[in-house]
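I have placed the structure first, in the form of structure tokens, so that the comments after it can refer back to it.
In the numbering used here, the protein residues as written are 336 to 573.
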């Protein structure tokens, strides 16, 4: 049986006893299968989470529109029932539904670790560099981005561009992130090997699918950082 079909049956809770044994064995022994399964699982969670948020927001709007009207007990019950029904529909979201770029981004984007300035609890006065990375580590991405920009202007040190790009991507500013990551291409540093992965995700988030796919294919061809995940995403996009 094809791996894709096996995963579909798992999510539909339709695996036979024999198929379950095969499935569990593949998870334990086949790294590519495990990566494909994890992608499906994370994307599914991202889709469900997004749909739930959208539905809740819409129902809140409906309730707000009725706030100045005489609202019956029946109407309130109907609203609650609608929410339950809608969320139930989302909960059985089909495996073969098209996967959005936003869902792939949500499933696979994680800010790159701070490998420049290790965390320290020293009582010494921190340098601007240490402060910027501390803000990055504590998820204060807006101020960290501003600080990285200032540090790059004064030092021209390449890794500030990379980390500022990650901040902007985390903040939802994918166009700015793309600009920064492309600027980082003029440098060759310890972060260069990771750049294309984040640039590909940024292009997908910006709905520039062709550029995203080109970079993902380049990652696969060179067996670069995240190449196995890139291969699975490409299959989803094609």
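Glycine is no exception: its CB is placed at the ideal position from the N, C-alpha and C atoms.
Item                                                                                                                         : Value
Expected contact under 8 angstroms - CB spacing of residue 518 and residue 502 to nearest Å                                  : Not really, about 14 angstroms apart at Cβ, beyond 8 angstroms.
Inter-residue Cα distance where the pair is residue 545 and residue 512                                                      : 17 angstroms
Simplified DSSP assignment, three categories, for residue 486                                                                : helix
Own chain partners of residue 496 with C-beta closer than 7 angstroms, once the 5 adjacent residues on each side are dropped : 487, 515, 518, 519
Through-space distance from residue 448 to residue 473, alpha-carbon basis                                                   : 12 angstroms
Alpha-carbon spacing of residue 356 relative to residue 345, whole angstroms                                                 : 12 angstroms
Rounded distance between the beta-carbons of residue 537 and residue 504, thought under 8 angstroms                          : 6 angstroms
Among 489, 554, 340, the one whose alpha carbon lies nearest that of residue 529                                             : 554
CA-to-CA distance, residue 491 to residue 373, given in whole angstroms                                                      : 39 angstroms
Simplified DSSP state of residue 363, which is helix, strand or coil                                                         : helix
Contact set for residue 572: own chain, Cβ-Cβ below 7 angstroms, skip 5 residues either direction                            : 544, 548
8 angstroms contact criterion, which residue 467 and residue 445 should meet: CB distance rounded                            : The pair is not a contact, with the Cβ atoms about 19 angstroms apart (cut-off 8 angstroms).
Residue environment, residue 558, which counts as buried when at least 16 other CB atoms sit within 10 Å                     : exposed
Sub-9 angstroms separation of residue 484 and residue 533 beta-carbons                                                       : no
Span separating the alpha-carbon of residue 567 from that of residue 375                                                     : 10 angstroms
Residue from 471, 526, 341, 351 whose Cα sits closest to the Cα of residue 493                                               : 526
Own chain, CB closer than 6 angstroms to residue 540, minus 5 neighbours either side, in chain order                         : 440, 509
Burial state of residue 424 (16 or more Cβ within 10 Å)                                                                      : A caution first: residue 424 carries a pLDDT of 47, below 50, which makes its placement in the model too unreliable to give a value.
From 522, 542, 478, 563, residue whose alpha carbon lies closest to that of residue 438                                      : 542
Residue closest to residue 367, alpha-carbon to alpha-carbon, out of 342, 348, 550, 347                                      : 342
Backbone secondary structure at residue 567 - three-state DSSP                                                               : helix
Residue 564 vs residue 443 beta-carbon contact at 9 angstroms                                                                : yes
Opening and closing residue of the alpha helix (DSSP H) in which residue 344 lies                                            : 338 to 346
Straight-line Cα distance separating residue 340 from residue 279                                                            : Missing from the structure shown is residue 279; the chain here goes from 336 to 573 and no further.
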